[in-house]
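Right, one structure below, let's go through it.
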DNA sequence: AGCCAGATTTTCT
DNA sequence: GAAAATCTGGCTA
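Residue numbers (the numbering used here): -17 to 199.
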């Protein structure tokens, strides 16, 4: 059992050099990108009183929404809401769901093709207390366990929609800070269309992974 | 650990 | 006007 708050205090130096993953390093294929992102570092930079503060989290669960996928928001074609899914891979797609949650995705495939990857869960690495401050959660493992919780903990809002996350900025992706474990696959959560497709990826055994136990084996 | 209802608003038909 | 890539708290056991 590895807990984020232990890692932060014992393993991680206070400041370290992170470099963003270049777009050329990202697989173009949505399912491959979803798998690739497991173990990578999600970086959120927040401006507070003139200084920049970082939140770092390790991605532990993703879902792919692929071309021609009836469950994907891009399936109906490009609209005002989903246009970011049609950008070149590596751009944020943020939408508002169930009247109270933001969902963070990254675009996949070629420019003009609608597809993306949903960030479903992450393990806090740095700034866990700040992440917790954005929520009212008590269990540290659940701070960013679930797409709505993740977005809330990382302070992700619709203002980040369309952002290129392959460059240093308010939100970007960096190389892993710790090796990735075994990656497991399941069907996706919370959808009704194309619900049988094995497009959910997660790090097996990681306590920050969301979803019912029977889907996490 | 699992089931259920209620919250709440954007988006598209 | 209905559905939605969800979360929380309360209940049962």
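Even glycine gets a Cβ: it sits at the ideal position worked out from N, Cα and C.
{"query": "Residue 3 versus residue 160 - alpha carbon distance", "result": "15 Å"}
{"query": "Contacting residues, own chain, Cβ-Cβ under 8 Å from residue 23 (five flanking each side not counted)", "result": "0, 38, 39, 40, 41, 107, 155, 156, 157, 158 and 159"}
{"query": "Residues sharing a beta bridge with residue 78, DSSP", "result": "84"}
{"query": "Residue -17 versus residue 94: straight-line alpha-carbon distance, rounded", "result": "Here the model assigns residue -17 a pLDDT of 40, short of 50, so the residue's position is not dependable and the matter cannot be decided."}
{"query": "Residue interval of the beta strand (DSSP E) (run including residue 183)", "result": "182 to 185"}
{"query": "Neighbourhood of residue 72 by C-beta distance below 7 Å, restricted to the same chain and skipping five residues each side", "result": "5, 8, 88, 89, 146, 147 and 148"}
{"query": "Straight-line gap, residue 185 to residue 19 (C-alpha atoms, nearest Å)", "result": "11 Å"}
{"query": "Three-state class that DSSP yields for residue 110 in the structure shown", "result": "helix"}
{"query": "Residue span of the alpha helix (DSSP H) that contains residue 176, given as start and end", "result": "First-last for residue 176: undefined, no H or E at that position."}
{"query": "Residue 140 - containing beta strand (DSSP E), residue span", "result": "No beta strand (DSSP E) holds residue 140; DSSP gives it neither H nor E."}
{"query": "Where residue 7 falls: helix, strand or coil (DSSP)", "result": "helix"}
{"query": "Residue 104 (DSSP reduced to helix, strand or coil)", "result": "strand"}
{"query": "DSSP-derived helix/strand/coil call for residue 2", "result": "strand"}
{"query": "Counted within 10 angstroms of its Cβ, other Cβ atoms place residue 59 as buried (16 or more) or exposed", "result": "exposed"}
{"query": "DSSP-derived helix/strand/coil call for residue 54", "result": "coil"}
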